[in-house]
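Sequential numbering of the sequence shown, starting at 1226, is according to the working numbering.
Backbone N, C-alpha and C fix where the C-beta goes; we use that ideal spot for every residue, glycine too.
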Amino acid sequence: MDDARYQELVQKDLAHWVHPQYHKADHQAPLMVDHAEGVYLYATDGNRYLDGLSGLWNAAVGHGRPELAQAASDAIQRNTFTNSYVSFTNEAAIELAAKVIDLSYDNMQGVYFTNSGSESNETNFKAARFYWTCKGKPEKNKIISRVEGYHGNTLAAMSATGMSVFYPGFRPTVAEIFPATTPGATPTGGGRIDSGNINIDNIVAAIEQEGADTVAAVIAEPVQGAGGVYPPPPDYFAQLRDVCDRYEVLLIADEVITGFGRTGKWFALEHFDVQPDMVSLAKAITSAYIPMGATLWSKEIHETITGTDPSVKFMHAYTNSGHPVAAAVALRNLQIFEDENLVENAAARGDQLLSGLQRLDENPHVGNVRGLGFMCGFDFLQDPETDTAFPVEAKMGAKFLGAIKRRGLISRVRNDAFVLAPPLISTAEQVDDILTIVEDSVREITAEV
Ligand SMILES: Cc1ncc(COP(=O)(O)O)c(C=O)c1O
């Protein structure tokens, strides 16, 4: 695309389109992808970029797969749409529900289809309330989350999101849905491990303060993703499971990022031998070829919600829930996962990526190298010895994104935390390319400090 056409499009974009997390000032020279294939994006600036975050953690099987185009085309031609409201159904969504249950935790039984991660969390919040209402405890209606957790941006999902940067202009949050903060601390500690985000005592204190008889559920990402990739200590989720059981509170695993192989297991709490009560899914269920999400419920929750008197219906609905085309694409996508052993590949490539990143520890301004499976991160630090951050004006994260982009890699930062989650199809050679770019870019920007 020539520059005149690019400029014309950007002006039109600025004139009308309000993007997610928007301010015009940040959108003067957006990257425009012309086409994409495998792990690579080919931009209108003439450059090829390795997609270091799989789109937004979702393009698991990589870009431009003809099998998925074919699956979508076949499904559209067969039956573009029939609704999934009660008394209508379709073959693809039936098979998908059974497939996802088969792949997930042994205690899972029920599926509700959504269109996004935010909707999956909304659905689980409502389902948790519905469950307790069925149990004769409608006053158990609060949802407790964690600081630095990200759960989406509809009003309830935003309220659960423990990053205060998302609230200004949109208050009030939903009062009954909130992150458990460390007493005396602000909700956002800047995305650092010590900010209280992975602190079991915060959850216990919040449940006790509210009274367990008012709490429906705790929601947690197995690995905090958008917050900066924070895997938990190995015993954290077993403890959280015990806390939830002790206080009779449901455990919602927000696996919108970690679901479907990202951590080297199909679902991330398998790492810790823990079964949640509810799971929120989206992203890799279709590898981003078409929007779709899902929630999974344990046998106990599924049977309670569906076992009511016929006069008590689960009156929750989305027009596109169980969309036959999205479901057909999801089924074909999961077939690719199995045919190409992508979960095993995520584990192997994740080990390679993490051990490569650990070499950066030698740099005096890199610390907290971390990861689980094929999602990794590290922090730029002024002084790793004391875990001291750079002043905000240093803009280390933004500088680093510029440095990797010049070398052909795209990913994201949260403040000074850099995160990577490449497509699950990545080869060993492509991971080496990522590591070379990251090492060279770290050297460049830390040399200027
Ligand atoms: C853990 C988690 N939950 C929920 C969401 C929200 O998903 P969506 O943007 O599809 O609404 C995200 C998005 O990144 C996420 O990472």
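Between the C-alpha atoms of residue i and residue j, what's the straight-line distance to the nearest angstrom?
i       : j       : result
Val1372 : Pro1404 : 5 Å
Asp1327 : Val1286 : 20 Å
Ala1672 : Gln1583 : 19 Å
Ala1478 : Lys1360 : 21 Å
Phe1640 : Tyr1455 : Position check: residue 1640 holds Asn in this sequence, whereas Phe was assumed. When rounded, the distance between both Cα atoms is 14 Å.
Asp1426 : Ala1623 : 34 Å
Gly1489 : Glu1233 : 43 Å
Val1325 : Ala1619 : 45 Å
Ile1659 : Ser1389 : 32 Å
Phe1350 : Ile1670 : 43 Å
Tyr1274 : Arg1290 : 18 Å
Gly1596 : Asp1665 : 20 Å
Gly1335 : Gly1453 : 31 Å
Ala1552 : Ala1229 : 40 Å
Val1663 : Asn1308 : 47 Å
Pro1459 : Arg1632 : 36 Å
His1244 : Phe1395 : 16 Å
Asn1378 : Thr1386 : 8 Å
Asp1331 : Gln1500 : 8 Å
Asp1564 : Asp1299 : 20 Å
Glu1316 : Pro1516 : 18 Å
Ala1400 : Ile1444 : 16 Å
Lys1249 : Met1257 : 16 Å
Ser1594 : Ala1381 : Looking at the sequence provided, one finds Val at residue 1594 rather than Ser. About 32 Å.
Val1468 : Val1429 : 7 Å
Asn1424 : Gly1592 : 21 Å
Asn1570 : Lys1538 : 43 Å
Gln1175 : Ala1240 : One cannot answer for residue 1175 here, as it falls past the ends of the chain, which runs 1226 to 1674.
Leu1293 : Gly1581 : 32 Å
Thr1305 : His1548 : 9 Å
So the candidates are the options; which of them puts its Cα closest to the Cα of residue i?
i       : options                            : result
Val1264 : Phe1599, Ser1651, Trp1491, Asp1665 : Ser1651
Met1180 : Glu1316, Lys1524, Tyr1274, Trp1491 : Residue 1180 lies beyond the stretch modelled for the chain, which goes from 1226 to 1674, so this question has no answer here.
Thr1613 : Ala1628, Ala1642, Gly1633          : Ala1642
Gly1436 : Val1454, Pro1393, Ile1369, Val1667 : Ile1369
Leu1278 : Leu1649, Leu1645, Gln1334          : Leu1645
Glu1610 : Asp1586, Phe1625, Ser1312, Asn1332 : Asp1586
Met1226 : Ala1254, His1248, Thr1269          : Thr1269
Gln1295 : Gly1627, Asp1576, Leu1556, Gly1602 : Leu1556
Ala1284 : Val1674, Leu1649, Ile1670          : Leu1649
Gln1449 : Asp1259, Arg1230, Phe1562, Glu1480 : Glu1480
Ile1301 : Ile1432, Val1554, Val1243, Asn1593 : Val1554
Ile1402 : Lys1365, Gly1394, Asn1424          : Lys1365
Gly1532 : Ser1636, Phe1355, Pro1397          : Phe1355
Asp1534 : Ser1546, Thr1358, Glu1664          : Thr1358
Asp1438 : Val1311, Tyr1461, Tyr1472          : Tyr1472
Asp1677 : Asp1238, Phe1313, Glu1262          : Residue 1677 lies beyond the stretch modelled for the chain, which goes from 1226 to 1674, so this question has no answer here.
Arg1303 : Pro1397, Val1550, Ala1382, Val1638 : Val1550
Tyr1543 : Val1443, Tyr1310, Val1235, Ile1629 : Tyr1310
Glu1320 : Gln1560, Gln1655, Glu1528          : Gln1560
Val1656 : Leu1634, Val1667, Val1638, Val1674 : Leu1634
Pro1616 : Lys1630, Leu1626, His1590          : His1590
His1376 : Tyr1267, Ala1352, Glu1344, Ala1571 : Glu1344
Gly1280 : Ala1573, Arg1668, Arg1637, Ser1580 : Arg1637
Glu1528 : Ala1297, Ser1384, Met1333, Tyr1461 : Met1333
Gly1598 : Ala1628, Gly1374, Leu1567          : Leu1567
Phe1391 : Ala1451, Asn1422, Thr1348, Glu1446 : Ala1451
Tyr1267 : Leu1626, Lys1630, Gly1575, Thr1406 : Lys1630
Quick check on residue i: does DSSP put it in helix, strand or coil?
i       : result
Phe1599 : coil
Ile1530 : helix
Arg1290 : coil
Leu1606 : coil
Gly1280 : helix
Ser1312 : coil
Val1448 : coil
Gln1560 : helix
Glu1473 : coil
Asp1238 : helix
Leu1521 : strand
Ser1343 : helix
Asp1438 : helix
Gln1253 : coil
Cys1226 : Note on identity: in this sequence residue 1226 is Met, with Cys being the wrong assignment. Three-state result, Met1226: coil.
message: Any contact between the region 1509-1517 and the region 1479-1487? By contact I mean 3 or more CB pairs, one from each, below 8 Å.
response: A contact exists between the region 1509-1517 and the region 1479-1487.
message: For the pair the region 1339-1355 and the region 1520-1537, tell me if three or more CB-CB distances fall below 8 Å.
response: yes
- request: Take every Cβ of the region 1493-1501, pair it with every Cβ of the region 1601-1608, and state whether three or more of those distances are shorter than 8 Å.
  value: no
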